[in-house]
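Residue numbers (the working numbering): 130 to 268.
All residues carry an ideal CB built from backbone N, CA and C; glycine is no exception.
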Ligand code: CMP
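Here is the structure:
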């Protein structure tokens with residue numbers, strides 16, 4: 130099938146980063162319902178990226194394709210110019226557009242230089258569906 134043709138790439142991480150990502154995923158309202166194996170695979174496939182202070186990470190209304198975990202720094206979430214909240218280290222963001230297949234629900238801006246872990250839609254959805262396929266094939 131189309132799914133089995135997708136190769137998942139894993140990226141090296143320190144023990145601290147691995148644990149921070151796992152905690153972030155398990156702490157997130159929407160991700161915490163995933164199976165432990167899915168959380169571990171998402172963690173494994175996340176790649177590092179960084180942005181400087183003031184950069185726009187996510188623009189409200191855009192098509193979303195990446196889920197992030199904040200490794201270092203702070204970001205601000207705004208909607209129609211109004212501040213919703215600030216997000217610090219060890220938090221997931223950018224999950225809503227991918228989970229609900231909608232456009233970005235808010236703008237996320239870097240308040241400091243930031244380091245992020247990222248996974249794209251294709252990798253994320255492959256992990257979600259593959260686990261389902263493997264589970265299904267066991268019956
Ligand atoms: P997404 O809609 O993909 O992109 C914008 C992100 O901002 C969204 O996912 C959430 O991760 C985050 N976000 C949206 N609304 C709020 C809110 N009210 N509080 C905190 N984070 C939010």
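By the beta-carbon neighbour count (other beta carbons within 10 angstroms, threshold 16), residue 164 is exposed. Taking a 10 Å sphere around the C-beta of residue 230, we find fewer than 16 other C-beta atoms and assign the residue as exposed. Between the segment 232-243 and the segment 193-202 there are three or more C-beta pairs closer than 8 Å, enough to call the two in contact. As the crow flies, the alpha-carbon of residue 173 is around 15 Å from that of residue 160. Around the C-beta of residue 145, fewer than 16 other C-beta atoms lie within 10 Å, and the residue is accordingly described as exposed. In summary, residue 238 is buried, with 16 or more beta-carbon neighbours lying within 10 Å of its beta-carbon over all protein chains present.
Residue range 243-249 is occupied by the beta strand (DSSP E) that includes residue 249. Taken through DSSP and simplified to helix, strand or coil, residue 165 comes out as helix. Closer than 7 Å to some heavy atom of ligand 1: that describes the Cβ of residue 234.
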